[in-house]
Amino acid sequence: MTIQQRNVRERTAVKTRVRKFQVSDLDQVLVLAERYGSWDATTTRADIEGFHSANPEFFFVAEFNKKIVGFVCGRESSPPAETLDKWKSRKVASIETLGVDEDYRRRGIATSLLTALFGAFKQKEIDLVTLSVPAVEIAAIELYGKLGFETRAHFLWKRLLT
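In the working numbering, the protein residues as written are 5 to 166.
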């Protein structure tokens, strides 16, 4: 899929290709994942390999001038039947990690990656998608809101010992 995206600040079109992850993308994706893709732990090579081996159909990259500028990994979840009933859902998936190079943000790349992932989810008849996002990632929260995600819960913590 080739998509024309527009950088609002620079008014320059960016031709991005979203495609399935290939093993040859691993090093470039790892660099992005280490910088942008996780919020509790640094993503490792083994993590990326695991995402790909477990769910290759749910792993996409965005490519610009033969450079990987973004990626997204998803997976099908297996909540208990009671949870599915409460969620009024038959099949659930989650967005595990999404990362876009800082120099390429606000050009529609994350939206393109998520659109490709949602298409793959729909092919598997997945009807509900979940994700977690750090509270400080305001731009990501706004993006997910524009894409129709709703806040379901808040994850809180309190440090007891310092």
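From the three backbone atoms N, C-alpha and C, an ideal C-beta is built for every residue, glycine too.
Since the model is a prediction, treat every value here as computed from it, not as a measurement.
Return the first residue and the last residue of the beta strand (DSSP E) that residue i is part of.
| i | result |
| --- | --- |
| Glu67 | 63–68 |
| Thr20 | 17–24 |
| Ile130 | Counting along the chain, Ile130 falls outside any beta strand (DSSP E), and DSSP gives it neither H nor E. |
| Arg79 | 71–81 |
| Thr101 | 96–104 |
What are the boundary residues of the alpha helix (DSSP H) that includes residue i?
| i | result |
| --- | --- |
| Thr115 | 113–127 |
| Phe55 | 49–58 |
If you count every other CB in all the chains shown that lies within 10 Å of the CB of residue i, and 16 or more means buried, which is it?
| i | result |
| --- | --- |
| Thr20 | buried |
| Gly103 | buried |
| Ala97 | buried |
| Val12 | Here Val12 scores only 47 on pLDDT, less than 50, and its place in the model should not be relied on; the value that follows carries that caveat. Exposed is the call here. |
| Val27 | exposed |
| Thr101 | buried |
| Ala76 | Residue identity check: residue 76 is Val in the sequence provided, not Ala. Flag for Val76 reads buried. |
| Thr47 | buried |
| Arg15 | With a pLDDT of 38 at Arg15, under the threshold of 50, the modelled position of this residue cannot be trusted, and the question is left open. |
| Ala17 | Note on Ala17: pLDDT 48, under 50, position unreliable in the model; the coordinate value appears next. So Ala17 counts as exposed. |
Give a single yes or no on whether residue i has its beta carbon closer than 6 Å to a heavy atom of the ligand MG.
| i | result |
| --- | --- |
| Lys162 | The ligand MG is not part of the structure shown, which contains no ligands of any sort. |
Taking 7 Å as the cut-off, decide whether the C-beta atoms of residue i and residue j are in contact.
| i | j | result |
| --- | --- | --- |
| Ser25 | Phe63 | The question names Ser, but residue 25 is Phe in the sequence shown. Their beta carbons are under 7 Å apart, which means Phe25 touches Phe63 by this criterion. |
| Val65 | Asp29 | yes |
Does the pairing of the stretch 143–159 with the stretch 111–119 give three or more beta-carbon distances under 8 Å? yes
Are there three or more Cβ pairs, one per stretch, closer than 8 Å when the stretch 75–93 is compared with the stretch 131–138? yes
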